[in-house]
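Numbering (our numbering), first residue to last: 1 to 420.
Glycine included, C-beta positions come from ideal geometry on N, C-alpha and C.
Report on the following structure.
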RNA sequence: GGAGAGAUGGCAGAGCGGCUGAAUGCGCACGAUUCGAAAUCGUGUUAUGGCUGAUACCCAUACAAGGGUUCAAAUCCCUUUCUCUCCGCCA
């Protein structure tokens with residue numbers, strides 16, 4: 001969340017920033033609630049100061065065995081008044097927090113202004129779109145044709161938007177996330193294997209709640225949620241902590257299955273691995289000092305790109321426009337992989353700098369040697385979405401005879417150089 | 001699932017109705033000492049909110065979280081969460 005003081009003192013600026021995003025956000029309500037809160041607060045704090053003062057007098061009287069019943073009776077009234085005002089304050093503060101949580105991050109100055117993904121700006125490109133001297137097949141045809149992917153049986157045992165991987169298909173998926181984890185740990189990331197279920201506080205900490213509860217899978221009879229991304233458990237590892245500045249930056253990488261309701265995407269990408277309710281992803285998460293977060297965003301993006309470079313798959317990097325920016329993010333680069341069946345680039349990673357937005361929400365602070373504290377900056381990015389990588393490999397490395405070449409770096413993991 | 005113990009500052013650990021925002025130790029900062037350092041000595045060192053030009057003063061709040069008792073709660077009561085020990089069960 002944003003800093004309350006900042007919002008109240010710069011309401012106009014915040015409103016303008018919200019205007020560049022998609023969606024409507026109520027900044028005025030925050031200002032109003034804060035004003036109300038402060039009015040009551042002043043009154044109740046005065047009463048409390050009086051109570052504290054008089055209570056000290058009572059202590060002295062009692063010590064000297066003197067009668068204090070008169071002022072005790074008077075303080076009882078003050079106590080009731082305090083209780084009343086505190087009672088009024090509670091709901092206002094709760095509303096205020098909710099209102100503040102409902103306001104997204106302010107886009108960084110460098111973010112291109114725009115309405116939606118049509119205004120995203122291409123930053124760089126790697127390789128050129130794959131050319132074929134035959135008509136390439138989409139990955140779901142390749143996968144189902146060779147028995148690597150089986151959405152039909154998955155539909156029977158679970159439902160739509162699930163897939164069973166079989167044989168070399170399952171092996172390929174596993175090879176990919178092992179290769180990703182190995183690459184990232186060699187680059188200095190610490191591997192984390194977190195729980196796949198998290199509590200409500202964690203979902204709120206990273207911003208999935210309260211606004212997007214319908215996208216999440218809740219576990220019945222508990223207050224747990226299936227993780228929509230490893231970002232949630234991994235970023236929340238430091239929730240409420242004060243970290244020694246010397247220990248920063250912290251780089252974590254984690255594989256998890258990810259579970260998403262995909263509310264509002266009915267009819268989109270219904271075939272293949274692009275949009276599933278359960279998919280595998282390797283995530284990159286960073287915690288750093290505020291002054292380093294923009295450099296860390298560049299390196300994090302490069303580290304995610306490295307996977308596609310090593311695999312040899314064409315991609316491009318785009319900077320999301322203000323209108324396409326995620327709720328908690330100040331700036332996001334999407335990495336988009338070339339997908340022949342779509343005839344365009346498809347998102348495979350989203351690398352974001354949240355600056356202090358998540359840290360304030362989660363109360364993650366640093367402490368320097370000199371004792372100075374402040375909110376850390378948090379970043380994360382996919383490194384990468386595994387299912388989409390599988391799809392991209394099947395499509396970009398397919399041969400005319402229907403077989404699929406295994407990328408060089410995956411051969412040790414696959415035990416073969418060809419899938420047929 | 002059953003029985004018991006516990007949760008206090010960056011860390012360790014006292015306190016168990018008023019004089020405790022919190023002893024003591026560690027860590028850290030500054031100073032003394034030193035050619036410099038170690039050791040030693042001295043001083044200081046929580047956060048959030050209100051007020052404010054102010055990171056100054058003053059005021060309020062906070063001892064897992066939430067509620068209650070009381071003039072007054074880290075201290076008493078209730079609920080929840082988490083941790084540990086023993087038993088059971090299980091991969």
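Note on geometry: alpha-carbon atoms of residue 110 and residue 412 lie some 42 Å from one another.
The beta carbons of residue 75 and residue 357 sit no closer together than 8 Å.
Here the alpha carbons of residue 260 and residue 304 stand approximately 22 Å from one another. In the DSSP annotation of this structure, the continuous segment of the alpha helix (DSSP H) that includes residue 19 starts and ends at 11–19. Taken through DSSP and simplified to helix, strand or coil, residue 262 comes out as coil. Between residue 161 and the set 400, 93, 153, the nearest pair of CA atoms involves 153. Annotation for residue 403: 418, 419, 420 place their beta carbon closer than 7 Å to its own, counting only its chain and skipping 5 residues before and after. Residue 179 carries a helical assignment under DSSP once its states are collapsed to helix, strand and coil.
The beta-carbon separation of residue 197 and residue 234, rounded to 14 Å, does not stay under the 8 Å limit for a contact.
The straight-line gap separating the alpha-carbon atoms of residue 150 and residue 138 is approximately 15 Å. A Cβ-Cβ distance of about 5 Å is found for the pair residue 120 and residue 320, placing them in contact under the 8 Å criterion. With at least 16 other beta carbons inside 10 angstroms of its own, residue 355 counts as buried.
Judged by their CB atoms, residue 387 and residue 280 are nearer to each other than the 8 Å cut-off. Note that the C-beta distance between residue 44 and residue 86 is below 8 Å. Rounded to the nearest whole angstrom, the C-alpha separation of residue 329 and residue 50 is 45 Å. The Cβ neighbour count for residue 142, taken over all protein chains shown within 10 Å, is at least 16; the residue is labelled buried.
By the 16-neighbour rule on beta-carbons within 10 angstroms, residue 334 is buried. Going by C-alpha positions, residue 249 is about 23 Å away from residue 195.
Counting the other CB atoms within 10 Å of its CB gives residue 157 a total below 16, which places it among the exposed residues. In this structure, residue 390 lies near residue 273, with their beta-carbon atoms less than 8 Å apart.
Excluding five sequence positions before and after residue 376, the CB atoms of its chain that fall closer than 6 Å to its own CB belong to 287, 359, 364, 366, given in chain order. Residue 337 and residue 4 have their C-alpha atoms some 39 Å from each other. Taking all protein chains shown into account, residue 21 has 16 or more neighbouring C-beta atoms within 10 Å of its C-beta and is therefore buried. CA-CA distance, residue 36 to residue 8, rounds to 12 Å. In this structure, the beta-carbon distance from residue 181 to residue 191 falls below 8 Å. Judged by DSSP in its simplified three-state form, residue 79 adopts helix. Between the beta-carbon of residue 80 and that of residue 71 there is about 15 Å, and that puts the pair past the 8 Å contact cut. The C-beta of residue 225 has 16 or more other C-beta atoms within 10 Å across all chains shown, which makes the residue buried. Secondary structure note for residue 377: its beta strand (DSSP E) is the uninterrupted segment 377–385.
The DSSP-derived three-state label of residue 217 is coil.
By the criterion of a C-beta distance shorter than 7 Å, residue 200 is surrounded in its chain by 209, 223, once the five residues flanking it on both sides are discounted. In the three-state DSSP reduction, residue 370 falls in the coil class, being neither helix nor strand.
With contacts defined as CB atoms closer than 8 Å, residue 306 and residue 379 fail to qualify as a contacting pair.
For residue 309, there is no enclosing beta strand (DSSP E); the residue is found in the alpha helix (DSSP H) stretching over 293–311.
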